[in-house]
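All the letters of the sequence shown, read from the start, carry residue numbers 15 to 436 under our numbering. Don't be surprised by glycine CBs; every beta carbon is placed ideally from N, CA and C. These numbers were taken from a predicted model, which means no experiment stands behind them. Here's the structure, in structure tokens; my notes come after.
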Amino acid sequence: MSLQWPYENIDGYLYVDGVSTIDIARRYGTPVYVYSENLIRKQYKLLSSTIAKYYPKTRLLFASKANTNISILNILLEEGSEIDAVSPGEVYLSLATGYKPSQIMFTGTSVGLDELNYLLETGVRINVDSRSQLERTLNLEVPELISIRINPEFGAGHHEHAITAGPNVKFGIWDQDAVEAYNLAARAGVKKFGIQMHIGSGVFDVSNYVKASSRLLEIAKKIHEETGISFDFIDLGGGIGIPYKPEDMQINLDNFMDTLFGFVKSKLSEYNLGMPEIWFEPGRFFVAEAGIILTRITTIKKTPYKNWIGVDAGFNTLIRPALYGSYHEIIAASKLNGRKSKHDIYGPLCESGDVFGHDREIPEVEEGALLAIMNAGAYGYSMSSQYNSRPRAPEVMVKNGKDWLIRERETFEDLLKGQKMS
Ligand SMILES: Cc1ncc(COP(=O)(O)O)c(C=O)c1O
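Okay, here's the thing in structure tokens:
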């Protein structure tokens, strides 16, 4: 794997933005999540500046489910991001970071009344996922703005579970119910409207966005014609793919946005939809590549079939490989230059599925050596757990040769927190 900034091979050791991973592991222990502040900022700037070339009125909402560490939320706030929250907890953390309610949109599914009450109290924007949620919201309070998540009948993604639109998917309101839903909101006194879709995650091919946008915009046209409603914004969701496998290419964002906005602009004008703001909700695009997990080798074990490397991170630390069969590049952070051979890398959980990769090319390493699991900045910590009663790993930020802790390692006392012995 060829390393790209902020990752560097210095004398066979992995550095992140000028900081030695050996030093990080020594200072904070392993496993540990390490993030590059500069790369998060770079990704945000890249997407926002590219989009600005193709459309004048856009907003980027960070899908905070990817990573809710408040240091990361704060970096994105400073860059100008807003927030896509999928739970009251994410709303709470975003408000605690300093986002204004008007900078947060809640997109939930199967949302309870107590949750709706909390959301209305905070004053965040609400993007409803069902007619029932809309009615319950309006019964509690009529917000100034309502957005509706539409299922554009077509989805895409890196795994069946990461496809979030289409016939077999729970999300969104369908075409046949959309007009009535917006009518209901307008009759209740809602003044401003948005329309949203999110088709899935790990999408590389712009034609998937075009196809789904095509259906979304047809539905928006129908709503506009039949209700007279104009949209303040059209939110095209998140899901922009990032390269996890060596053969994955970075998306050519210029081509991507040129094609997508070429299509969207022509339909906005053909359907007389004016010029609403166009929003995106990327999660992994901002943070995935900026994060790695450093994990120490505990065990080298040869069987008649495999050369196993046991590490101290498991699917409690990064669940994507076990959950989706996702590929994460794994490199020997403390021995980047050695001659490589095939190894299978496994974690400490009592589960056969606790394996990060098979037949990975790793140099001959010894117990105590350090591995780095790459592209772990999104859906790493945020999907972590205490499974097998393992306290969660700490998070460390690096920038320009400096490193600091942004979340402490959990302790055994954290395993007892809130428990009562009866
Ligand atoms: C509603 C919504 N928006 C945005 C995202 C972000 O997806 P990604 O991290 O792939 O960009 C998700 C992820 O599942 C989502 O559910």
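Query: Would you list the residues sitting across from Ile420 in a DSSP beta bridge?; Result: None, per the DSSP bridge assignment.
Query: Work out the CA separation of Ile187 and Thr72 for me, nearest whole Å.; Result: 24 Å
Query: If contact is defined by three or more beta carbon pairs under 8 Å, each pair taking one atom from either stretch, is the segment 27-46 in contact with the segment 375-384?; Result: yes
Query: Give the straight-line distance between the Cα atoms of Ile347 and Pro20, rounded to the nearest whole angstrom.; Result: Per the sequence shown, the amino acid found at residue 347 is Ala instead of Ile. C-alpha separation (whole angstroms): 14 Å.
Query: Cα-Cα, which of Val220, Pro318, Glu92, Asn266 is closest to Ile54?; Result: Glu92
Query: Reducing DSSP to helix, strand and coil, say where Met271 ends up.; Result: helix
Query: Whole angstroms are fine: how far does the CA of Tyr393 sit from the CA of Glu380?; Result: 29 Å
Query: For the putative contact between Leu133 and Phe120, defined by C-beta atoms under 8 Å, what is the C-beta separation to the nearest angstrom?; Result: 5 Å
Query: Which ranges would you report for the beta strand (DSSP E) in the segment 24-99 if only whole runs of at least 3 residues count?; Result: 27-30, 46-50, 72-77, 96-99
Query: Starting from Ile233, follow the alpha helix (DSSP H) in both directions and report where the run begins and ends.; Result: 220-241
Query: Apart from the five residues just before and just after Val142, which ones in its own chain have a Cβ nearer than 6 Å to its Cβ?; Result: Leu148, Ile162
Query: Secondary structure at Asp428, three-state DSSP: helix, strand or coil?; Result: helix
Query: Taking the CB atoms as reference points, tell me whether Phe370 and Pro335 lie closer together than 7 Å.; Result: yes
Query: Does at least one heavy atom of ligand 1 sit under 6 Å from the Cβ of Asp249?; Result: no
Query: What is the C-beta distance between Ser50 and Val412, in whole angstroms, given that I count them as a contact (C-beta under 8 Å)?; Result: 6 Å
Query: Pick from Ile265, Lys434, Pro405: whose alpha carbon is nearest that of Thr425?; Result: Pro405
Query: Lys490 by DSSP, collapsed to three states: which one?; Result: What the structure shows of the chain is the stretch from 15 to 436, and residue 490 is not part of that stretch, so it cannot be assessed.
Query: Helix, strand or coil for Tyr285, going by three-state DSSP, please let me know.; Result: coil
Query: State buried or exposed for Thr35, treating a residue as buried only when at least 16 other CB atoms are found within 10 Å of its CB.; Result: buried
Query: Return the chain-ordered list of same chain residues with a C-beta closer than 8 Å to the C-beta of His238, the five sequence neighbours on each side being excluded.; Result: Ser244, Phe245, Tyr285, Asn286, Leu287
Query: Which of the three DSSP states, helix, strand or coil, is assigned to Leu372?; Result: It should be pointed out that residue 372 corresponds to His in this sequence rather than to Leu. In the structure shown, His372 sits in a strand (DSSP, three-state: E or B).
Query: Once DSSP output is grouped into helix, strand and coil, what is the label at Phe299?; Result: helix
Query: What residues in its chain sit with their C-beta under 6 Å from that of Ala202, if we drop five residues either side in the sequence?; Result: Leu152, Val156
Query: For Val217, list the residues DSSP reports as bridge partners.; Result: Ile254
Query: Since I believe Asn23 is in contact with Leu267 (beta carbons under 8 Å), could you give me their beta-carbon distance rounded to a whole number of angstroms?; Result: Not really, about 27 Å apart at Cβ, beyond 8 Å.
Query: What ranges does the beta strand (DSSP E) occupy inside the segment 137-183, keeping only unbroken runs of at least 3 residues that lie completely in it?; Result: 139-142, 159-163
Query: Nearest CA to the CA of Ala390: which residue from Arg298, Pro102, Thr136?; Result: Arg298
Query: Ala170: beta carbon under 6 Å from a heavy atom of ligand 1?; Result: no
Query: Compute the minimum distance between the beta carbon of His175 and the heavy atoms of ligand 1, and state whether it is under 6 Å.; Result: no
Query: Just tell me which of Gly214, Gln400, Pro115, Ser63 has its CA closest to the CA of Lys431.; Result: Gln400
Query: What residue range does the alpha helix (DSSP H) around Arg310 cover?; Result: From DSSP, Arg310 is part of no alpha helix (DSSP H) but of the beta strand (DSSP E) over 305-316.
Query: With H, G and I counted as helix, E and B as strand and the rest as coil, what does DSSP make of Asn321?; Result: strand
Query: Taking the alpha carbon of Cys364 as the point to measure from, which residue in Gly324, Lys354, Ile86 has its own alpha carbon closest?; Result: Gly324
Query: Name the two residues that bound the continuous beta strand (DSSP E) containing Ala347.; Result: Counting along the chain, Ala347 falls outside any beta strand (DSSP E), and DSSP gives it neither H nor E.
Query: Are the CB atoms of Asp249 and Trp293 within a distance shorter than 7 Å?; Result: yes
Query: Any heavy atom of ligand 1 inside 6 Å of the beta-carbon of Ser215?; Result: yes
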